[in-house]
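J.: So for the sequence shown, my numbering puts the first residue at 1272; every next one is plus one. Positions of the beta carbon are idealized from the N, C-alpha and C atoms, including for glycine. All figures in this text were calculated on a predicted structure; none of them were measured in a lab.
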Amino acid sequence: MRNPLAEKVVDIRPSGIRKFFDIVSEMEDAISLGVGEPDFDTPWHIRDEGIYSLEKGRTFYTSNAGLKELKMEICHYIKRTQGIEYDYNHETIVTVGGSEAIDIALRAMINPGEEVLIPQPSYVSYEPCAILANAKPVIIELKAENEFRLTPQEVLDAVTDKTKALILPFPNNPTGAIMEKGDLEEIAKVVIEKDLFVISDEIYAELTYNGAHVSIASLPGMQERTILINGFSKSYAMTGWRLGYACGPKIIMEQMLKIHQFAIMCAPTTSQYAAVEALRNGEEDVRQMREAYNQRRRYLLYAFQEMGLECFEPFGAFYVFPCIKEFGMTSEEFADRFLREEKVAVVPGTAFGACGEGFVRISYAYSLENLKVAIGKLKEFVDRLRKEKA
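1) From I1364 to V1591, what distance separates their C-alpha atoms?
2) Just mark V1280 as buried or exposed, buried being the case when its beta carbon has 16 or more other beta carbons within 10 Å.
3) Within its chain, find whatever has a CB closer than 8 Å to the CB of V1367; leave out the 5 residues flanking it on each side and keep chain order.
4) Below 6 Å CB to CB, which residues in the same chain sit around P1314 once its five sequence neighbours on both sides are set aside?
5) Can you check which of these residues, E1562, E1457, I1449, M1509, is closest to V1490 by C-alpha distance?
6) Rounded to a whole number of angstroms, what is the C-alpha to C-alpha distance between E1659 and E1278?
7) State the DSSP-derived secondary structure class of Y1348, mapped to helix, strand or coil.
8) To the nearest angstrom, how far is it from the Cα of A1448 to the Cα of N1565?
9) State buried or exposed for L1421, treating a residue as buried only when at least 16 other CB atoms are found within 10 Å of its CB.
10) Around the Cβ of F1630, are there at least 16 other Cβ atoms within 10 angstroms (buried) or fewer (exposed)?
11) Please classify E1451: does DSSP put it in a helix, a strand, or coil?
12) To the nearest whole angstrom, what separates the beta carbons of A1546 and L1341, a pair I think is in contact under 8 Å?
13) So, are the CB atoms of I1498 and A1406 less than 8 Å apart?
14) Can you tell me which residues form a DSSP beta bridge with Y1516?
15) Can we say the region 1376-1385 touches the region 1410-1429, given the rule of at least three CB pairs closer than 8 Å?
16) How close, in whole Å, do the beta carbons of A1517 and I1487 come, if the pair is a contact with beta carbons under 8 Å?
17) From G1587 to K1643, what does the alpha carbon distance come to, in whole angstroms?
18) Excluding the five sequence neighbours on either side, which residues of its own chain have a C-beta within less than 6 Å of the C-beta of P1445, listed in chain order?
19) Note down, in chain order, each residue of its chain lying with its Cβ closer than 7 Å to the Cβ of N1443, except the 5 sequence neighbours on either side.
20) What does a CB cutoff of less than 6 Å around L1639 pick up in its chain, not counting 5 residues either side in sequence?
21) In whole angstroms, what separates the C-alpha of L1580 from that of T1330?
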């Protein structure tokens, strides 16, 4: 019998995060600091709207691109927060999470062999999605000494005549790094000079702690070159509702919609009605959750300082990315020993790219009480490793 499998899929590594989730699920009393999922419930007024939509029998397909009301609210929200105007009818698609938007953007834009620049460490889906779109991923290694920000020189050094697009993953998972307006302005100059397009994943845009997020699409000359991707999972604690969106130039969105309608049909109807309520009346919910995350963020940074564990200060998302190079072991060895000896799961930095070696990702999407217990165990583990090394 012939091989039933596609080689490019076989060659893709499974997510490096799942291994530790699976081990934790088998360990009694284990604490996981590895999940990038809010510990908050979806606010009740948003849940109520979803429930009400079911009670009203709204169980039909929506249009492929999404509910008109939701697309309009998305456009109003982006104009209110970023000053960017999008046409809800031709420049906006509601997707099944932000991940689907990344996938269909790449498939709609990239011809076989064209290059996509992917800064790493970053979200685990970018590189596999680029490969599945028949692109050639070109990795840009972000550096701790730059606070894991992308620099214009790094982009220039990576560009060739085959480069088509740059993925811009900020605020960043796993590092928590952000790009401020001045940083983005320098990147935009290179993008325009080299005639590139940008896929800007802004799923953590609402979770920043040092001023408001700025989208590269808001800069002069960039709206027509950018696919802006966001969603409801992180900011509104709606991970299981599976809802995201993409906004961008009509010529690209038409092709993205074609892929979306054949592969997905439409995003979940109930989720879309709930998302309308989230955008209309959820600003206070986001503020309260952001304040709680910020409190946890500050606690972790203080705790790392107290135990002498090196970590730059992240200003976005809900992750910290401490350095563990002093212990002379790989990120995976560190995470594996910590889990087995202290029953606390963190994610090896290499799950997010080879340049994540020497770091681990710790999520603070957990209660302060759980964090305090886990960090107490981390201190004991770190002290033990230092004694072993001595």
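T.: For this structure:
1) If you draw a straight line from the Cα of I1364 to the Cα of V1591, it comes to about 32 Å.
2) exposed
3) R1513, L1514, G1515, I1535, A1538, P1539
4) D1556
5) Correcting the residue identity first, residue 1490 is Leu in this sequence and not Val. For the set E1562, E1457, I1449, M1509, the Cα lying nearest the Cα of L1490 is the one of E1457.
6) 44 Å
7) For Y1348, the three-state secondary structure derived from DSSP is helix.
8) 14 Å
9) buried
10) buried
11) coil
12) The distance from the Cβ of A1546 to that of L1341 is about 6 Å, consistent with a contact at the 8 Å cut-off.
13) Not in contact: I1498 and A1406 (Cβ atoms no closer than 8 Å).
14) V1365, N1501
15) Three or more beta-carbon pairs separated by less than 8 Å are not found between the region 1376-1385 and the region 1410-1429, which leaves the two stretches without contact.
16) With 8 Å as the limit, A1517 and I1487 do not qualify as a contact, their Cβ atoms being about 14 Å apart.
17) So the two alpha carbons sit approximately 21 Å from each other.
18) P1392, Y1590, F1592, F1623, R1632
19) Within the same chain, N1443 has close Cβ partners S1393, F1419, G1587, A1588.
20) R1567
21) Per the coordinates, the alpha-carbon of L1580 lies some 51 Å from the alpha-carbon of T1330.
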